[in-house]
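Contents: one structure, followed by commentary.
In the working numbering, the protein residues as written are 21 to 160.
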């Protein structure tokens with residue numbers, strides 16, 4: 021009987037700790053996803069590829085596709101980007117960037133390789149912006 025009373029007292033004490041008034045942790049802020057994917061990654065991705073015209077921006081599926089972009093300083097080359105957000109968490113493995121590159125040879129656009137470092141740099145820029153957006157949101 022004493023054991024049952026002790027167990028009941030422990031459960032009452034633990035129940036008082038589990039109220040809804042507990043503060044939320046920073047981890048919850050890393051999972052803001054009211055649009056279907058992580059909002060920080062989405063906003064950072066849109067900001068990063070804003071230099072190119074958009075063909076598709078699906079926030080529910082987490083896909084951003086740009087149209088071909090030609091840098092005015094290099095009119096013989098153009099790029100097309102696809103950014104995919106794979107998760108609702110703000111993590112490096114929740115983001116994929118794919119790039120296509122073409123060069124103009126005698127008036128015809130021909131596929132050309134994209135350096136892996138270019139894609140990695142774009143992913144790094146997006147992740148850094150997303151983390152900055154999250155820090156700003158937590159500070160306010």
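Glycine included, C-beta positions come from ideal geometry on N, C-alpha and C.
Nothing here was measured: the structure is a model prediction, and the numbers come from that model.
Three or more Cβ pairs closer than 8 Å define a contact, and the stretch 131 to 146 meets that threshold against the stretch 99 to 119. When secondary structure is reduced to three states using DSSP, residue 118 falls in the strand class. Residue 89 is bridged by DSSP to 99. Sixteen is the threshold: since fewer than 16 other Cβ atoms of the shown chains lie within 10 Å of the Cβ of residue 123, the residue is exposed. Annotation for residue 139: the continuous alpha helix (DSSP H) segment containing it runs 136 to 159. Between the alpha carbons of residue 79 and residue 142 lies a gap of roughly 19 Å. In terms of CA proximity to residue 59, 153 leads the group 103, 159 and 153. When the beta-carbon positions are compared, residue 66 and residue 77 come within less than 8 Å of each other. Nearest C-alpha to residue 74 among 133, 158 and 99: 99. The beta carbon of residue 72 lies closer than 7 Å to those of 86, 87, 89 and 101 in the same chain, with the five residues before and after it left out. Assigned with DSSP and collapsed to three states, residue 67 falls in helix.
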